[in-house]
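**Student:** Chains B and G, in that order, give the protein sequences.
Under our numbering, the first residue of the first sequence is numbered 38, with each subsequent residue one higher.
Under our numbering, the first residue of the second sequence is numbered 7, with each subsequent residue one higher.
Positions of the beta carbon are idealized from the N, C-alpha and C atoms, including for glycine.
Please read through the structure below; I'll follow up with questions.
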Amino acid sequence: MGKKQKKLTPQQQQYQQLEQKHEIPRPVVKNCLKAFFVGGLICLIGQAISYFYIAYFDFTEATAGNPTTATMVFISMLLTGFGVYDRIGQFGGAGSAVPVTGFGNAVISAAIEHRTEGFVLGVGGNMFKLAGSVILFGTFSAFVVALIKTVLIMWGVI
Amino acid sequence: MKIYRLALFMLLILMITLSGCNQSEEDQESRLSLIKTTNPKPIKIPNKQNESIAKQVKKDVKKFDEIFDVAVVQGKKDTLVVYKVKHFQRFRMKQIESSVTKELEKKYPDEKFTVSSDYKIFMEALKIKEHMKDPKYSTTKAEKDFEKIIKLKNEQT
Numbered sequence: 038m039g040k041k042q043k044k045l046t047p048q049q050q051q052y053q054q055l056e057q058k059h060e061i062p063r064p065v066v067k068n069c070l071k072a073f074f075v076g077g078l079i080c081l082i083g084q085a086i087s088y089f090y091i092a093y094f095d096f097t098e099a100t101a102g103n104p105t106t107a108t109m110v111f112i113s114m115l116l117t118g119f120g121v122y123d124r125i126g127q128f129g130g131a132g133s134a135v136p137v138t139g140f141g142n143a144v145i146s147a148a149i150e151h152r153t154e155g156f157v158l159g160v161g162g163n164m165f166k167l168a169g170s171v172i173l174f175g176t177f178s179a180f181v182v183a184l185i186k187t188v189l190i191m192w193g194v195i
Numbered sequence: 007m008k009i010y011r012l013a014l015f016m017l018l019i020l021m022i023t024l025s026g027c028n029q030s031e032e033d034q035e036s037r038l039s040l041i042k043t044t045n046p047k048p049i050k051i052p053n054k055q056n057e058s059i060a061k062q063v064k065k066d067v068k069k070f071d072e073i074f075d076v077a078v079v080q081g082k083k084d085t086l087v088v089y090k091v092k093h094f095q096r097f098r099m100k101q102i103e104s105s106v107t108k109e110l111e112k113k114y115p116d117e118k119f120t121v122s123s124d125y126k127i128f129m130e131a132l133k134i135k136e137h138m139k140d141p142k143y144s145t146t147k148a149e150k151d152f153e154k155i156i157k158l159k160n161e162q163t
């Protein structure tokens with residue numbers, strides 16, 4: 038910051054000082070708390086759904102994760118469609134984006150946004166604009182980890 | 007406001023349809039084991055074997071500090087040992103499992119153990135215990151259910 042400030046003209050520096058005086062400080066702690074509680078609430082719902090699958094269906098703790106994720110994504114997709122998830126996102130910030138529900142929101146909101154451009158080039162082409170990188174990154178890193186594990190097993194390390 | 011109501015309505019429908027699937031009263035106790043300590047008596051399926059092993063195994067496993075609830079089901083070949091781990095010890099779940107298995111195998115070299123800390127397996131083990139109160143519940147049926155639990159335990163995905 039110091040180096041950058043030196044290059045500014047006196048006028049610009051003056052403006053910056055003025056701007057700093059009037060800028061509303063970002064409520065970082067408050068935002069963090071909100072994100073913490075909203076994210077925690079989403080995870081609580083997920084845990085409840087996971088227990089539901091364990092209690093009523095033939096899923097163990099290890100296998101209940103898959104249907105739970107699917108259900109959470111499905112619910113967040115519905116809520117995005119109804120416009121409720123936007124509000125949650127505005128309130129909770131990262132707390133609503135980091136859990137897997139944020140993934141559903143990213144897919145559906147992009148699909149809704151590009152609806153006017155047609156179903157193929159609009160919805161189909163832009164649906165995975167945001168979430169596509171997540172899927173690609175997840176798949177690729179899983180591949181790399183599996184590769185490392187295979188090599189280690191072949192060498193007899195694990 | 008209308009949208010909110012619609013969303014709430016959809017969620018309600020979803021909850022009702024999902025929870026309406028299974029309403030049998032008989033499995034109430036086993037389902038409650040998800041949230042409370044039940045401390046069930048050890049059971050064995052064929053009645054001819056010596057009973058002491060299941061009891062002794064339960065005592066041995068309960069000695070671990072990290073474990074608070076143990077269920078033991080002794081089948082024909084296998085002995086199923088299921089336990090619940092205290093919440094803050096759940097980070098060391100794998101370590102605990104291996105140490106329990108080692109201890110049991112050292113103490114009872116002739117027995118074959120299936121060790122698990124899964125809530126679902128715990129519930130199913132309790133279900134067998136509940137069903138055994140019913141005189142109509144035959145040993146072959148119990149054995150079949152037991153095999154099912156072992157299969158469920160080894161399931162990966």
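Bridge partners for Lys118 of chain G per DSSP, in chain order?
**Tutor:** Per DSSP, G:Asp84.
**Student:** Below 8 Å, how does it come out for the region 126–136 of chain B and the region 72–81 of chain G: are there three or more Cβ pairs, yes or no?
**Tutor:** No, the region 126–136 of chain B does not touch the region 72–81 of chain G.
**Student:** Rounded to a whole number of angstroms, what is the C-alpha to C-alpha distance between Val91 of chain G and Ser146 of chain B?
**Tutor:** Cα-Cα distance, rounded: 41 Å.
**Student:** Have a look at Thr117 of chain B and Phe96 of chain B and give me their C-alpha separation to the nearest angstrom.
**Tutor:** Taking the straight line from one Cα to the other gives about 28 Å.
**Student:** If we count the other Cβ atoms within 10 Å of its Cβ and call it buried at 16 or more, is Thr146 of chain G buried or exposed?
**Tutor:** Classification of Thr146 of chain G: exposed, given that the 10 Å Cβ count is below 16.
**Student:** Using only alpha-carbon positions, find the residue among B:Phe140, B:Tyr122, B:Ile91 that is nearest to Met164 of chain B.
**Tutor:** The option with the nearest alpha carbon to Met164 of chain B is B:Phe140.
**Student:** When the Cα atoms are used, what is the spatial distance from Ile172 of chain B to Ile49 of chain G?
**Tutor:** Their backbone Cα atoms lie some 47 Å apart in a straight line.
**Student:** What residues from chain B crowd round Glu161 of chain G, counting only those whose CB sits closer than 7 Å?
**Tutor:** Here the neighbours are Thr97, Thr100.
**Student:** State the start and end residues of the unbroken alpha helix (DSSP H) segment that holds Asn45 of chain G.
**Tutor:** Unbroken run through Asn45 of chain G: none, as it is neither H nor E.
**Student:** So, is Val181 of chain B buried or exposed, given that buried needs 16 or more other C-beta atoms within 10 angstroms?
**Tutor:** So Val181 of chain B ends up on the exposed side.
**Student:** Where does Ile195 of chain B fall in DSSP's three states?
**Tutor:** Three-state DSSP puts Ile195 of chain B in coil, outside helix and strand.
**Student:** Taking DSSP as the reference, what is the three-state secondary structure of Tyr125 of chain G?
**Tutor:** Helix.
**Student:** Give a yes or no on whether the minimum CB-CB distance between Arg37 of chain G and chain B is below 7 Å.
**Tutor:** Taking Cβ atoms only, chain B reaches closer than 7 Å to Arg37 of chain G, which makes this a yes.
**Student:** Give the secondary structure of Val79 of chain G by DSSP, where H, G and I count as helix, E and B as strand, and everything else as coil.
**Tutor:** Val79 of chain G falls in the strand class under three-state DSSP.
**Student:** What distance in whole Å lies between the Cβ atoms of Leu110 of chain G and Val76 of chain G, which are believed to be in contact at a cut-off of 8 Å?
**Tutor:** Their Cβ separation, rounded to whole angstroms, is 12 Å, which puts Val76 of chain G and Leu110 of chain G out of contact at 8 Å.
**Student:** According to DSSP, is Tyr10 of chain G helix, strand or coil?
**Tutor:** Reduced to three states, the DSSP call for Tyr10 of chain G is helix.
**Student:** Just to confirm, is the Cβ distance from Gly76 of chain B to Gly132 of chain B under 7 Å?
**Tutor:** Contact: yes.
**Student:** At a cut of 8 Å, does the region 97–108 of chain B reach the region 59–71 of chain B through at least three beta carbon pairs?
**Tutor:** No, they do not touch.
**Student:** Using only CA atoms, which one of G:Tyr125, G:Asp124, G:Phe152, G:Phe119 lies nearest to Lys135 of chain G?
**Tutor:** Per the Cα distances, G:Phe152.
**Student:** Give a yes or no on whether the minimum CB-CB distance between Tyr88 of chain B and chain G is below 7 Å.
**Tutor:** So yes, Tyr88 of chain B belongs to the interface.
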